[in-house]
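Visitor:
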Amino acid sequence: MGVETLTFGCRLNAYEGEVMKAEAEKAGLDNAIIINTCAVTAEAVRQARQAVRKARRDHPAARIIVTGCAAQTEARSFGDMAEVDLVIGNADKLKAESYRPMVFGTPLNDKVQVNDIMSVRETAGHLIEGMDGRTRAFVQVQNGCDHRCTFCIIPFGRGPSRSVPMGLVVEQIKKLVGNGYAEVVLTGVDITSYGPDLPGSPTLGKLTQSILRHVPDLPRLRISSIDSIEADPALYEAVGEPRLMPHLHLSLQSGDDLILKRMKRRHLRDDALGVVDKLRSRRPDMVFGADIIAGFPTETDAMFENSRRFIAEAGLTYIHAFPYSPRPGTPAARMPQVGKAIARRRAALLRQAGDSQFAALCRSRLGRLENVLVERNGLGRTEQFIPVRVPGAQAGALLGVSITGMDADGLTGEALPAAA
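Pasting the structure below:
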């Protein structure tokens with residue numbers, strides 16, 4: 003069966019899954035399943051444990067290796083699972099030598115091989131050929147986080163913020179474009195903190211401008227989730243470049259000022275609205291998504307309504323809303339908790355508000371011509387990241403599409419004839 007990877011969580015994990023597969027194969031590993039976990043919520047950890055048990059049932063002879071953020075923060079609990087052969091921490095999962103004990107059957111003093119992530123000071127730039135089964139590629143530009151939001155366990159899974167040098171990022175993207183990728187997504191844990199650990203202290207905006215300048219053949223560049231308060235002047239300038247896609251995801255978390263303070267976020271409600279307005283003034287067709295936590299400790303109905311109203315006020319169209327999940331060891335876990343049923347209900351209401359905004363965005367595109375990157379089975383994405391069904395379109399094609407209709411999932415359209 004070779005090496006299979008099963009990835010949970012963020013786009014950075016998806017990128018790292020490709021690196022891990024390549025490094026494990028380089029080490030000579032075979033008949034193995036690497037489960038790359040997420041720790042952002044208790045549910046994510048539960049799903050990872052479930053996946054471990056299923057992998058063992060389905061592949062009783064395979065070696066099962068667990069890594070990722072949950073493996074870093076809850077190493078011993080995964081090591082205690084009889085189904086697991088090896089636990090590798092985030093600091094070492096991208097190194098071929100970490101997998102060699104499984105190749106040669108080397109006896110281990112402890113199957114939990116997890117080091118102190120907080121001592122890591124560099125992030126290597128790994129060159130990959132592409133993303134298996136995808137038409138867009140993710141490129142890691144940063145890892146770790148220096149902030150301490152009261153709800154978040156991720157800094158303890160990823161370590162301090164550290165950046166990949168600009169030259170390595172550009173080299174990776176050139177390689178991907180040469181291999182036929184039409185779209186690249188910049189990923190990291192806190193990518194707007196990019197650069198202060200590098201010579202000259204570049205910023206995310208400077209990196210974005212460098213990519214657009216030095217990789218002129220790249221048709222589409224996307225930036226993943228940003229912390230709006232860290233957006234730098236060069237990023238605002240870069241937003242006007244047509245090859246930078248008009249879609250950004252905000253690490254918002256709440257639309258209420260008191261909750262934002264209790265979360266230890268570094269922005270307030272009006273700050274986030276100001277960033278949205280400023281970006282739209284540079285790029286009128288810009289659309290935004292956001293992460294919002296429902297039922298954070300002490301959140302009242304009125305505080306929740308501030309978050310729900312923010313969705314309409316900012317015109318957010320892609321809402322990742324989830325009920326608050328206490329993570330042991332974080333300050334928020336010790337605050338007065340909101341009931342789980344209330345948190346789930348509020349998360350559902352936030353999603354409904356987002357769905358309404360998304361439907362309005364789709365209606366605004368009816369009858370228009372959109373540039374669509376086709377992914378698979380005739381499904382693609384517009385520049386604003388709206389899903390589009392284009393019957394008969396070939397995966398990997400970048401097409402002009404006439405939008406003819408919409409449904410609950412997005413848009414439908416017809417590909418324009420290729421120019422003679």
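In the working numbering, the protein residues as written are 3 to 422. All C-beta atoms, glycine included, are put in the ideal place defined by N, C-alpha and C.
When the Cα atoms are used, what is the spatial distance from Gly-257 to Asp-94?
Guide: Spanning the two alpha carbons is a distance of roughly 37 Å.
Visitor: Taking Leu-88 as part of the beta strand (DSSP E), name the residues at either end of that continuous run.
Guide: Residues 88–90.
Visitor: Within 10 Å of its beta-carbon, does Ser-404 have 16 or more other beta-carbons around it, so buried, or fewer, so exposed?
Guide: By the 10 Å Cβ count, Ser-404 comes out exposed.
Visitor: Take the Cβ of Thr-406 as the centre, count every other Cβ of all protein chains shown within 10 Å, and call the residue buried at 16 or more, exposed below.
Guide: Label assigned to Thr-406: exposed.
Visitor: For Lys-208, count neighbouring Cβ atoms within 10 angstroms of its own Cβ and tell me buried if that reaches 16, exposed if not.
Guide: It is buried - the Cβ of Lys-208 has at least 16 other Cβ atoms within 10 Å.
Visitor: Using the three-state DSSP reduction, which class does Arg-311 fall into: helix, strand or coil?
Guide: Correct three-state label for Arg-311: helix.
Visitor: For the segment 206–248, list the alpha helix (DSSP H) runs that are entirely contained and at least 4 residues long, ordered along the chain.
Guide: Counting whole runs of 4 or more residues, the segment 206–248 contains the alpha helix (DSSP H) stretches 206–216, 235–240.
Visitor: Considering only C-alpha positions, which residue in the set Gly-146, Asp-82, Ala-64 is nearest to Phe-158?
Guide: Checking every option, the nearest Cα to that of Phe-158 belongs to Gly-146.
Visitor: With burial defined as no fewer than 16 other Cβ atoms inside 10 Å of the residue's Cβ, what is the status of Ala-422: buried or exposed?
Guide: Below a pLDDT of 50, predicted positions are generally treated as unreliable, and Ala-422, at 40, falls in that range; the measurement from the model is reported next regardless. Under this definition Ala-422 is an exposed residue.
Visitor: Ends of the alpha helix (DSSP H) at Met-408?
Guide: First-last for Met-408: 400–409, but that is the beta strand (DSSP E), not the alpha helix (DSSP H).
Visitor: So, Leu-352 versus Ala-397, is the Cβ gap smaller than 8 Å?
Guide: No, these two residues do not count as a Cβ contact at 8 Å.
Visitor: Check each candidate in Phe-80, Ala-41, Asp-87, Glu-45 and name the one with the smallest Cα separation from Pro-62.
Guide: Cα-wise, what sits closest to Pro-62 is Asp-87.
Visitor: In angstroms with no decimal places, state the Cα-to-Cα distance between Asp-148 and Ile-155.
Guide: Taking the straight line joining both Cα atoms gives about 12 Å.
Visitor: State the start and end residues of the unbroken beta strand (DSSP E) segment that holds Ala-34.
Guide: Residues 34–39.
Visitor: Do Ile-193 and Ser-226 have their CB atoms nearer than 8 Å?
Guide: The answer is yes: Cβ separation under 8 Å.
Visitor: Is it right to say Ser-253 is buried, meaning 16 or more other beta carbons lie within 10 angstroms of its own, or is it exposed?
Guide: By the neighbour-count rule (16 or more Cβ atoms within 10 Å), Ser-253 is buried.
Visitor: Using 8 Å for Cβ pairs, my map puts Val-143 next to Gly-190. What's the rounded Cβ distance?
Guide: Their Cβ separation, rounded to whole angstroms, is 5 Å, which keeps Val-143 and Gly-190 in contact under 8 Å.
Visitor: Residues in the same chain with beta-carbon distance under 6 Å from Ala-334, minus the five sequence neighbours each way, listed in chain order, please.
Guide: Within the same chain, Ala-334 has close Cβ partners Thr-152, Phe-153, Pro-299.
Visitor: Go through its chain and collect everything with a Cβ distance to Leu-237's Cβ below 6 Å, but skip five positions before and after it.
Guide: Closer than 6 Å at the Cβ level, and outside the excluded window around Leu-237, lie Leu-206, Gly-207.
Visitor: What does the Cβ neighbour count give for Asn-379, buried or exposed, with the cut at 16 atoms within 10 Å?
Guide: Burial call: exposed.
Visitor: Beta-carbon within less than 7 Å of Met-305's beta-carbon, same chain only, minus the 5 sequence neighbours each way: which residues are those?
Guide: Taken in chain order, the residues that qualify are Asp-258, Leu-260, Ile-261.
Visitor: With DSSP as the reference, please indicate the residues paired to Thr-9 in a beta bridge.
Guide: For Thr-9, which the question treats as bridged, DSSP gives the partners Asn-38.
Visitor: Thr-319 and Gln-359: beta carbons closer than 8 Å?
Guide: Result yes, Cβ atoms of Thr-319 and Gln-359 sit closer than 8 Å.
Visitor: Taking the beta strand (DSSP E) that Ile-67 falls in, what are its first and last residues?
Guide: 65–70 is the span of the beta strand (DSSP E), which, as asked, contains Ile-67.
Visitor: Compare the C-alpha of Val-424 against each of Ala-274, Met-83, Arg-138 and name the closest.
Guide: Outside the displayed span of the chain (3 to 422) sits residue 424, for which this structure offers no information.
Visitor: Ala-50 to Ala-41, Cα distance in whole Å?
Guide: Computed Cα separation, rounded: 9 Å.
Visitor: In chain order, what residues of the same chain have a beta carbon less than 6 Å from the beta carbon of Ala-417, not counting five sequence neighbours either side?
Guide: Around Ala-417: Val-392, Ala-395, Leu-401, Val-403.
Visitor: For the beta strand (DSSP E) containing Phe-290, list its first residue and its last residue.
Guide: Element bounds for Phe-290: 289–296.
Visitor: With C-beta atoms as the reference, is Ala-46 less than 8 Å away from Ala-64?
Guide: It is not a contact, given that the beta carbons lie outside the stated cut-off.
Visitor: So, is Glu-99 buried or exposed, given that buried needs 16 or more other C-beta atoms within 10 angstroms?
Guide: By the neighbour-count rule (16 or more Cβ atoms within 10 Å), Glu-99 is not buried but exposed.
Visitor: Taking a contact to mean a Cβ-Cβ separation below 8 Å, would you say Ala-57 touches Met-104 in this structure?
Guide: No, they are not a contact pair.
Visitor: Which same chain residues, not among the five before or five after Val-172, have their C-beta less than 8 Å away from its C-beta?
Guide: For Val-172, where only same-chain residues beyond five positions count, the Cβ hits under 8 Å are Ser-212, Ile-213, His-216, Val-217.
Visitor: Which of helix, strand or coil does DSSP assign to Glu-76?
Guide: Looking at Glu-76 - three-state DSSP - the assignment turns out to be coil, as it is neither helix nor strand.
Visitor: Excluding the 5 residues flanking Gly-70 on each side, which residues of the same chain have their C-beta closer than 6 Å to its C-beta?
Guide: Only Asn-38, Thr-39 meet the Cβ criterion.
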